[in-house]
Amino acid sequence: MAGRLSGTAPDPGGIQSESEDRWWAMPDARLAKAESSSGSGVATSTFSGTAVFHLQGELDSASAEGLRVELNASVGESMVLFDLTGVVTIDSVGIGVLLGAIRGIHEGGGVVAIGGADSRGRVTAALRTAGVDRLVFLSDSPAGAMQWLSEL
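Once you know that position 134 of the sequence shown is 121 in the working numbering, the rest is easy, because the numbers rise by one and skip nothing.
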């Protein structure tokens, strides 16, 4: 992984909403960020032994190849959190890239949680329609997803 968070993080169970401090985020979300021409990107961090992938922008056919390369780093991790707080839209190609990463993680014996869908619920609806919620834990917030992972 690209880096470790420093300092002491609050208990994820104490965070009630996405408006609370983003304790799981990298400072300025710039470390290990890859940005495509479509404005999407991935920043990576680790927190309490969990690999955290902060996805941003549009996860679509224009960003798919770059996203696939970045998410390949998740394969082999034992615990992975995909933070979708910064995702604006996702299409079937973006979902396919996520599913490929999830499959690779599961094949290696890892577990995955997804947290932080958009406020209007379009990203969550797309993930549920594709059945992603049957493969991974899906939470409204990264804090909720991290809490679930910490209880395993």
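C-beta: ideal position from N, C-alpha, C; glycine also.
| Item | Value |
| --- | --- |
| Beta-carbon spacing of SER61, GLN43 below 8 Å | no |
| Opening and closing residue of the beta strand (DSSP E) in which LEU71 lies | 66 to 77 |
| Other residues of its chain near THR76: CB distance less than 6 Å, five sequence neighbours each side excluded | GLU45 |
| Extent of the continuous beta strand (DSSP E) run through ALA38 | 37 to 46 |
| Exposure label - ASP47; buried when at least 16 CB within 10 Å | buried |
| First through last residue of the beta strand (DSSP E) which encompasses LEU58 | Element bounds for LEU58: not the beta strand (DSSP E) but the alpha helix (DSSP H), 51 to 58. |
| Residue span of the alpha helix (DSSP H) that contains SER137, given as start and end | 129 to 137 |
| Residue environment, ASP120, which counts as buried when at least 16 other CB atoms sit within 10 Å | exposed |
| Buried or exposed (CB count within 10 angstroms, at least 16 for buried), LEU54 | buried |
| Per-residue DSSP class, three states only, for ALA113 | helix |
| Residue burial classification, VAL110 (beta-carbon count within 10 angstroms, cutoff 16) | buried |
| Buried/exposed call for ALA38, threshold 16 Cβ in 10 Å | buried |
| VAL67 and VAL99 closer than 8 Å at C-beta | yes |
| Host beta strand (DSSP E) of LEU125 (start-end) | 124 to 126 |
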